[in-house]
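One structure is given here, and the rest of the page talks about it.
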Amino acid sequence: MTAHASHNLPVEPNRFIGRARDVSELSELVRQERVITLSGVGGIGKTRLALRVAARALPRFAGGVWLVELARVGSPALVVHELAEVLGVREESPGRLLDGLRVRLRDADALIVLDNCEHLVEHCAELVSELIAECPGVRFLLTSREPLRIRGELIWRVPPLELPDEQHPDAESVLLFVERSLAAGVRGVTERMDDVVRLCRALDGLPLALELAAARTSLLSPGSIADRLGDRFTLLTTGDRTAPGRQRTLLATMEWSHDLLTPKERVLLRRLSVFAGLFDLALAERVCADGGILRGAEVLDLLGGLVDKSLVLHQGGSGRYRLLETIRQYAADRLAEAGEVARLRDRHLLVVCEEMERCHEGGSPARRMPWPARFAHVTRGRGLLDDCRAAIDWAVRSRAPALGLRLARAALAILAVRGDLGESVGWHERLLALDVSGVPADLLAVAKGALAYGLELGDELERARELIVQGVEEQRRHPYTPWLGITYGVALTVFFRTGQSGRALRYLAELEAAATAHDDPFNLATARIARLNLALFQGQLRQARRHGEEALALAGEVDHHWARARALTHLGAVAEAAGELDAAMAHHREALPLLEGMDNRVELARCHAQAGRVAAALGDHAAASSHVATALELSRQAGQRRGIVRALMALAALGRARGDLEGAVLACAAAGALRESIGQYGTPGRVRELLAPARDRLGESRVAVLWAKGAEWSPEEAARRVLDGDGSDVSVLSGPGGGPGDAAGTAAGGTKAPGAGAELGALTAREREVAALLTRGLSNRAIAEELVISPATVARHIANIMVKLGFEARSQIAVWAAEHGTDAARP
Amino acid sequence: MDERIVMVDSGTGLRLTEEQLDERSAVATVQLRRRGVRAGDTVLICLPVGPDLLVSTNAVIAAGGVVWPLPVDLDAATLRDRIQESDARVMISNVRRALEAAEESRVRIIMSVADLSAAHSYPTSR
C-alpha cells in the first residue's frame, strides 16, 4: 500500500506558551465531539491553539489530521476545493467534488481542522453538517470568529492568556511577552516586572498584541509601550468604536505598531496583503515595487524589517513569507484606504500570469529537455496555484478575460501532469462567460480546447464536442503552436468516444501532418496513441504495438514522463490483449514510478488496476493482490469512484484466477452497483465474460444470490472477501470494524451497545454496591441511607459508573447490573 | 422507585419526582464531565429558580465541582463582574443577559439546559 503522510500540520514557528489545561482538555474533546469551534476575536490565538491541539491528537486519528486554511479562500464554492486539495481528492467530473470527499472520508478516522471560517460561515456549516452526517469517523476542529451554529457543534470560547496578579506574577501573558522579547534578542525586560505586568494588563492578555509589543522592546521599554498604548486606547482612530473591548485593544495595538513603521515599510505591508498565502522575495518585488515609492532592491530590507516587527512571518526552510490572517486583513484595509486595491490586484494578476507562463514555457512539452529540469518548472508552477486562484478571481471581478485566460492556459499544463482538471474547468467557464470580444481569437480557441479537455475527462461529451470543433477550427487559421496539437488530441478522444470515427480520422491525419511539419514529437506521440487505440479496437495487435513503440520513442525524445507513461500503459494493454502477459507486466511496472513521481494519482490507480489484472492472469496472486489493494486505496483517497470500479473489476479477475468464482461475482456486483450510482449503465464485456462461466459452475440461482449480496457491499468489504481469501459465509460478514470510538453510542442501531464488553471489575467495590442497590429501584436518598453516606456522594458514584460503562442514562445501570449479577459480587 | 414528589415548579405547576431528579442529575453530571469539569472547578449557574436549577446544582456537586450561582435578575454590569471574578471555565445558563455578560470572560463552554439532558444525538449514517 502506498504510504501517504498522515498530516499536513506546519512546524510551529516559535515556542507555544501557556494554555496547558486547555490543550489537554481539547485533545480529549476532539475525540468525543464531532465538531468543535474555537471562537473568539482575531489575534486571540485560535489558530495556534487549534494547531497545538491537532498535533497532540495525531496519534489518535489513524486517518490523519488535516489542516485546511480558509483565510485565502475568497469564494464559498472553493471551500470544497480547498478541502479536496488537502486530502488529495481529485475531481471526478465537474461539480462532483463533494461526492469524491464522501468516498474519501466515509470510512476514515480523521480530524479536519478548518482554520479561519468566519468569512464563509454559512458554507462551512453546510459542508460540515453534510460530512459529519455521512462520515461517522470524521471529526472537525474549526477556528472562527463566529460559530457555525449547527447541530452537534461545541462552541469553545478561546479566552485571552491569563493576566498576572499578586499571587501569580508569572501568568501566561507575562511568560509570552518575556519569551518573545528574549527571542528578539532583548535583555533586561524582566528588570522592570511591574511595567511588564502593567503592559500585559493593558493588552488584555491578547497573544497577538503581546507579540507585536514584544517585537518593539529593542527600541522601547515595556513601560513606555504601556504609556503610549494607554493613550491610544482612549483615542482610537480607526474601526468601530462600539466593537468589543478585546477587538479594540488589538486594533489599537496593530495601529500603534503600524504607525511606528517607516513610510516605505507601511507601503510594502499593505501591498503584501494581495498575496493568497506564502510568497517569496522575487514575487514580492515584482508585485509590490513600483519603481517610484518602492524600488525592487529595497524590498528585501523592508521585508526583513517587517519580520523583525512580527508583522510578517518568515516560513523557516522554504525561504517564503506569509502574513498572519489578522494582520493581512488590517493591511488589506490600509490598501483600500490608500486607493491601491485595483492597481495592486491588476499587478498581481499580471505578475502571476507571467510567472505561470514562464513555468509553462520552461517545461513546455514542445522542448527537448531532461525530465528533472522540466519537472522543476512544474513544481514551481504548483507553488503558485494559490495565487493563481486569487488572480483568476480578480480577472473575473475586474472583467479582464484576456489575462485570466492566459493564466488559465499556462496553468493547464501544470494541472494536467497531475491529472486534475476540475478546477481548470471552473476557471475557464467563469472567464468565458465574460465579454470576450476583445480577447485574441487564438487565445480564445485554446481556451475552448482547454475547457473541452476538462469536460471530456468528466464525461461531458456533448458540451466538449461543440467546444472542441470551435477550438480546432479557429487555431488552424493561426500559426502552429503545441496548443493546437493538444486541442487535436482532445478532439480525437471526443470523436472516438462519441462514435464519429470518420471525423476523428480526418483530424488525426491533420494532427500528424502538423506535428511532423513543426517538429512537435510530444503531440506526434499523442497521434500515435490514437492510432494504437484504433488498431487495438479493430484487433490489429501488431500494428497497435508498432504505433505504441513509436509513441514511446517520441516521448523519450522529449523526455516527458507524462507522455512516456501514457505510451507504456497503452503498450501494456496491447500486450495483454495479445496474451503476452510478461511484456504487459513489464510495461506497467515501468509506468508506475513515472506516474508516482508526477503525483498523478488517477492514472497511477488505473495502472495498478491493470497491473493487478495482468499479474492475476500470470498466476502471481501475491503481486496481483498488492496491485489491486493499492489501486483501491489510491482511488478511495482520491475520491474516484470510476477508479474504484476499475479496481473492483481487477479484483474480480483476481478472484477468478484463483478459482474463487463466488468472490469474483461478488466483486463484479459491487462494481456494478457503484457504476450505476455514477450514472453508468449497461454491462461491460468483462462482466459478461465472467458471469457466463460462473453460471455454468455455480448455477443460475446461486449467481443471482451472490450478485444481489455483492451489490450491497462496500468496495472495502468486497476487497476483504477476495484479497483475504475469506471464504466464510457471505451472510455473516459484518460491516467495517473499528467504529468511530465511544461517543456516538447508544442510539445508533447496529453499533455495539455501550458497556456491552464492560467487566464488573471496572467498578470499585463501592460502585458495585451502588449498582446493586439500583437494581432494587432505590432513589439516591434511599441508597444514601442504606450505605450511610450522603446523597451527593451517591450521585458522584453513579456518575462514575456511567462514565466507566459509557452509559448515558442512570436507568441503564440497573439493567446492566441485573444482567451481570452484581449481587454475587457484593462484599 | 417511589413516586415521591420533591419539587413543584411554582410557575408551571409541573412536579418533579425523586426518580426524575436522580435520573436527570446523573445524566447532567456525565455531560459536565464530558465537557471537562473536574473536581474543584467552579461552574457558573444562571437559571431561574426551579427544577433545572436544582438538577444543575446537584450535577455540579456530583461532578466534584463548586457551584457559583448567579441570580438571573442581576444587572448586566454586576453579572459581568461576577463572571469575571469566578474565573469559571464552564457556565450553565439559558439566560440571554448572562450569555452576553460572558462574552469577554474566561468562560470556555456555555451549556444550556438541553445540553445537560441530551444524550448526544449526533447525526449518524449507519
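Which chain is which? The protein sequence lines are A and B, in order. So that you can map any letter, position 275 of the first sequence is 275 in the working numbering, and since no number is skipped, the others follow by simple counting. So that you can map any letter, position 88 of the second sequence is 88 in the working numbering, and since no number is skipped, the others follow by simple counting. The C-beta atom is built at its ideal place from N, Cα and C for all residues, glycine as well.
- Taking 8 Å as the cut-off, the Cβ atoms of Ile-414 of chain A and Cys-359 of chain A count as close.
- Contact between Leu-49 of chain A and Asp-115 of chain A is absent: CB atoms are separated by about 11 Å, not below the 8 Å threshold.
- Using a CB distance cut-off of 8 Å, Ala-799 of chain A counts as an interface residue toward chain B.
- Ile-644 of chain A counts as buried, since at least 16 other C-beta atoms from the protein chains shown sit within 10 angstroms of its C-beta.
- Boundaries of the beta strand (DSSP E) around Val-113 of chain A: 111-115.
- Taking C-alpha positions only, Arg-463 of chain A is separated from Val-121 of chain A by approximately 34 Å.
- Closest in C-alpha terms to Val-95 of chain B, from the list B:Leu-16, B:Ser-112, B:Glu-85, B:Gln-20, comes B:Ser-112.
- Annotated three-state conformation of Glu-162 of chain A is coil, per DSSP.
- Beta-bridge partners of Leu-16 of chain B (DSSP): B:Met-7.
- For Asp-87 of chain B, the CB contacts under 7 Å within the same chain, skipping 5 residues up- and downstream, are Thr-42, Arg-106 in chain order.
- Among the bridge pairs identified by DSSP, Ser-39 of chain A is matched with A:Ser-144, A:Arg-157.
- Cβ atoms of Ala-54 of chain A and Val-113 of chain A come within 8 Å of each other, at about 5 Å.
- Annotated as distal: Gly-245 of chain A and Ser-218 of chain A, with beta-carbon spacing of 8 Å or more.
- The three-state secondary structure of Val-11 of chain A, taken from DSSP, is coil.
- DSSP, read as helix, strand or coil, puts Ser-93 of chain B in strand.
- Of A:Ala-530, A:Phe-140, A:Ile-783, the smallest CA-CA separation from Phe-61 of chain A is found for A:Phe-140.
- Here the C-alpha atom of Ser-56 of chain B lies approximately 46 Å from the C-alpha atom of Ile-225 of chain A.
- Identification of residues in the segment 128-159 of chain A having a C-beta nearer than 9 Å to some C-beta of chain B yields Ser-129, Ile-132, Ala-133, Glu-134, Cys-135, Pro-136, Arg-151, Gly-152, Leu-154, Ile-155, Trp-156, Arg-157, Val-158, Pro-159, given in sequence order.
- Pro-69 of chain B is bridged by DSSP to B:Ile-45.
- Within the DSSP bridge table, the entry for Leu-67 of chain A names A:Val-113 as partners.
- Taking the CA atoms as reference points, Ser-129 of chain A sits about 15 Å from Leu-111 of chain A.
- Cβ atoms of Gln-640 of chain A and Val-602 of chain A come within 8 Å of each other, at about 6 Å.
- In the three-state reduction of the DSSP assignment, Arg-358 of chain A falls in the helix class.
- With respect to the C-alpha of Gln-315 of chain A, the residue from A:Glu-12, A:Pro-693, A:Leu-691, A:Lys-804 having the closest C-alpha is A:Glu-12.
- The CB of Ser-811 of chain A comes closer than 7 Å to the CB of Glu-23 in chain B, given here in chain order.
- Taking a cut-off of 8 Å for Cβ pairs, the segment 486-503 of chain A and the segment 463-478 of chain A touch, as three or more such pairs fall below it.
- Contact check for Ser-25 of chain B against Ala-59 of chain B passes: the beta carbons are separated by less than 8 Å.
- Rounded to the nearest whole angstrom, the CA to CA distance from Arg-286 of chain A to Ile-468 of chain A is 36 Å.
- By the criterion of a C-beta distance shorter than 6 Å, Ile-327 of chain A is surrounded in its chain by Leu-311, once the five residues flanking it on both sides are discounted.
- Asp-724 of chain A and Arg-31 of chain A have their C-alpha atoms some 31 Å from each other.
- A Cβ-Cβ distance of about 13 Å is found for the pair Leu-508 of chain A and Ala-525 of chain A, leaving them out of contact under the 8 Å criterion.
- For the segment 3-32 of chain B, the set of residues with a beta-carbon nearer than 7 Å to any beta-carbon of chain A comprises Glu-18, Glu-19, Asp-22, Glu-23, Ser-25, Ala-26, Val-27, Thr-29, Val-30, in chain order.
- Note on geometry: alpha-carbon atoms of Asp-393 of chain A and Ser-24 of chain A lie some 41 Å from one another.
- Leu-313 of chain A is bridged by DSSP to A:Arg-322.
- When CB distances to chain B are screened at a threshold of 8 Å, not a single residue of the segment 656-676 of chain A falls below it.
- Counting of Cβ neighbours within 10 angstroms places Arg-506 of chain A among the exposed residues, the total staying below 16.
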